[in-house]
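Accompanying notes for the structure given below.
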Amino acid sequence: MTRTIKDPRQLVLDDLYQVPPARPATPGSLRIADAVCEAMSAALKASCLSRSEICTRMSDLTLDRITEPMLNAWTAASHGRHRFPLEYAAAFETAAETACLIELLASHRGSLVLHGREAQDAQLGWVRRQLTQLRAAERTLLREASR
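If you read the sequence shown in our numbering, its first letter stands for residue 666, the second for the next number, and so on.
Structure representation (structure tokens):
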């Protein structure tokens, strides 16, 4: 019989991260053009850099010419035909110091994006869970072998 001792001081990683449920794949459920515009606009407003500085950084990162009018067209709801190219997503997030696009995509697919220390904590939790399962399997095998 396995004994489980709960230490109230011990954090349980499952309780720390709320993974959003995947949205049902119904017609139109992944039409996220407006959400992309909104997320980018919010990131631009929250950034301490100007749109011009972000465009310059994006241009440096991609070696493509990205101008402020292009960025404005991508983030304006009224410019529905000017869609933001996915190939620039990493450059935008790096330049604006945000993770808004990857978090938006993850939330639509029922995933969670962890950064830095959060990712290490989650990995540690996974390793500990694997160790617990392996120890239980070891005990079962030893018990069966002793019969």
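Ideal Cβ placement from N, Cα and C applies to all residues, glycine included.
Whole-angstrom C-beta distance between residue j and residue i, which should lie under 8 Å
| i | j | result |
| --- | --- | --- |
| residue 759 | residue 736 | Wrong, their Cβ atoms sit about 14 Å apart, outside the cutoff. |
Rounded separation between residue i and residue j - CA only
| i | j | result |
| --- | --- | --- |
| residue 702 | residue 789 | 35 Å |
| residue 812 | residue 794 | 28 Å |
| residue 744 | residue 698 | 11 Å |
| residue 806 | residue 692 | 49 Å |
| residue 749 | residue 777 | 23 Å |
| residue 803 | residue 752 | 48 Å |
| residue 700 | residue 694 | 12 Å |
| residue 739 | residue 792 | 42 Å |
| residue 729 | residue 720 | 10 Å |
| residue 773 | residue 723 | 25 Å |
| residue 710 | residue 800 | 51 Å |
| residue 781 | residue 706 | 25 Å |
Sub-7 Å separation of residue i and residue j beta-carbons
| i | j | result |
| --- | --- | --- |
| residue 779 | residue 787 | yes |
| residue 761 | residue 712 | yes |
| residue 775 | residue 686 | yes |
| residue 769 | residue 810 | no |
| residue 797 | residue 708 | no |
| residue 766 | residue 754 | yes |
| residue 716 | residue 733 | yes |
Selection from the options that minimises the alpha carbon distance to residue i
| i | options | result |
| --- | --- | --- |
| residue 757 | 781, 773, 731 | 731 |
Residue i Cβ short of 6 Å to the ligand COA heavy atom set
| i | result |
| --- | --- |
| residue 792 | You won't find the ligand COA in this model; it holds no ligand whatsoever. |
Going along the chain, which unbroken runs of the alpha helix (DSSP H) with 4 or more residues stay wholly within the stretch 705-776? The stretch 705-776 contains these whole alpha helix (DSSP H) runs: 716-727, 733-740, 754-761, 765-774.
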